[in-house]
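Sequential numbering of the sequence shown, starting at 1, is according to the UniProt record's numbering.
Here a beta-carbon is modelled for each residue, glycine too, at the ideal position from N, C-alpha and C.
Values in this document were obtained by computation on a predicted structure and should not be read as measured data.
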Amino acid sequence: MRYAFITDIHGKRDNLEKVLEHIQTFSSIHEIICLGDVFEVKVPKKDLKDFQFQCMEQVLDLDWELMNLLKDIRVIKGNQEERILSLIPEKEFPKDFYNFLIHMPLEIHLTPMVRLTHGHTFDWTGEEDYWRPSNVHYWSSPWIFYGHNHQNVLFEVKEIENNPYYERKSIINGKPITLDSASRYLINIGDMKYDHPSWMLLDTLENQITYNILY
Numbered sequence: 001m002r003y004a005f006i007t008d009i010h011g012k013r014d015n016l017e018k019v020l021e022h023i024q025t026f027s028s029i030h031e032i033i034c035l036g037d038v039f040e041v042k043v044p045k046k047d048l049k050d051f052q053f054q055c056m057e058q059v060l061d062l063d064w065e066l067m068n069l070l071k072d073i074r075v076i077k078g079n080q081e082e083r084i085l086s087l088i089p090e091k092e093f094p095k096d097f098y099n100f101l102i103h104m105p106l107e108i109h110l111t112p113m114v115r116l117t118h119g120h121t122f123d124w125t126g127e128e129d130y131w132r133p134s135n136v137h138y139w140s141s142p143w144i145f146y147g148h149n150h151q152n153v154l155f156e157v158k159e160i161e162n163n164p165y166y167e168r169k170s171i172i173n174g175k176p177i178t179l180d181s182a183s184r185y186l187i188n189i190g191d192m193k194y195d196h197p198s199w200m201l202l203d204t205l206e207n208q209i210t211y212n213i214l215y
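Laid out in structure tokens, this is it:
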């Protein structure tokens with residue numbers, strides 16, 4: 001099967017349209033899946049404690065056209081969606097929007113090898129010019145795909161003297177990378193928030209991933 005993964009749209013409908021158009025140029029895509037943070041919440045984390053709800057426009061600019069682009073796409077719940085649900089009383093939601101949010105799963109086990117999640121539940125650590133999960137609490141699948149911190153990064157996770165070692169792997173835009181079925185990987189697929197939106201192609205028959213960054 002060939003899957004297209006997208007994530008971290010943050011309300012950027014133009015970038016979503018650009019990515020979806022690019023995906024359509026590829027043959028035999030079985031399914032497109034979004035790994036969360038569809039929306040951009042206006043209330044920053046530091047202001048959550050003192051926030052008092054008055055209207056939905058305080059929280060986000062709801063884009064129905066963006067939601068329509070996702071109507072046939074499975075979407076995982078990200079931290080932006082969790083924040084929306086925490087800030088807006090249920091009775092203030094448009095019914096379709098509320099149902100869209102509450103039915104998002106926190107993760108998808110796509111195959112025995114592949115787990116999809118947003119990534120906001122990981123512990124994180126900074127390494128020079130990138131961030132990586134510092135402690136994955138359980139490996140229900142050996143290949144974990146995630147988003148959250150808006151970077152195209154691939155790690156092969158090895159054990160050295162009973163400690164995890166995160167080996168950063170080289171990425172070339174548009175070039176397939178073959179994964180070892182006996183290895184564990186942390187695979188950050190990037191984002192669509194900024195100027196160069198990206199998406200990932202997974203081919204489960206070939207055990208290959210391809211980063212696609214649009215310029």
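For residue i, which residues in the same chain have their Cβ closer than 6 Å to its Cβ, ignoring the five residues on either side in sequence?
i    : result
T210 : P176, L201
Taking Cβ to Cβ, would you say residue i is nearer than 8 Å to residue j?
i    : j    : result
L85  : L101 : yes
R74  : I33  : yes
R184 : W139 : yes
P89  : F53  : yes
L62  : M56  : yes
H196 : I171 : no
L16  : L60  : no
I189 : S198 : yes
Would residue i be called buried (16 or more neighbouring beta carbons within 10 Å of its own) or exposed?
i    : result
Q80  : buried
S134 : exposed
K71  : exposed
T178 : exposed
T7   : buried
N99  : exposed
K12  : buried
L186 : buried
D50  : exposed
D191 : buried
E31  : exposed
For residue i, which residues of its own chain have a beta-carbon under 7 Å away from its beta-carbon, when the five flanking residues on both sides are left out?
i    : result
L105 : With the sequence shown as reference, residue 105 is identified as Pro, and Leu is not the correct amino acid for it. So the qualifying residues of the chain are I76, K77.
To the nearest angstrom, how far is the alpha carbon of residue i from that of residue j?
i    : j    : result
G119 : G147 : 6 Å
W64  : V38  : 12 Å
L35  : F155 : 18 Å
T25  : A4   : 12 Å
R168 : E159 : 14 Å
R2   : P164 : 30 Å
D129 : Y166 : 15 Å
Q208 : K45  : 37 Å
R83  : T117 : 17 Å
Y215 : T111 : 31 Å
K42  : Q58  : 7 Å
Just to confirm the assignment: which complete beta strand (DSSP E) runs, minimum length 3, are found wholly within the UniProt domain "Calcineurin-like phosphoesterase" (1-158)? Counting whole runs of 3 or more residues, the UniProt domain "Calcineurin-like phosphoesterase" (1-158) contains the beta strand (DSSP E) stretches 2-6, 31-34, 107-109, 114-117, 123-127, 130-135, 143-146.
Please go through the region 159-198 and give each complete alpha helix (DSSP H) segment of 4 or more residues, from N-terminal end onward. None, since the region 159-198 contains no complete alpha helix (DSSP H) of that length.
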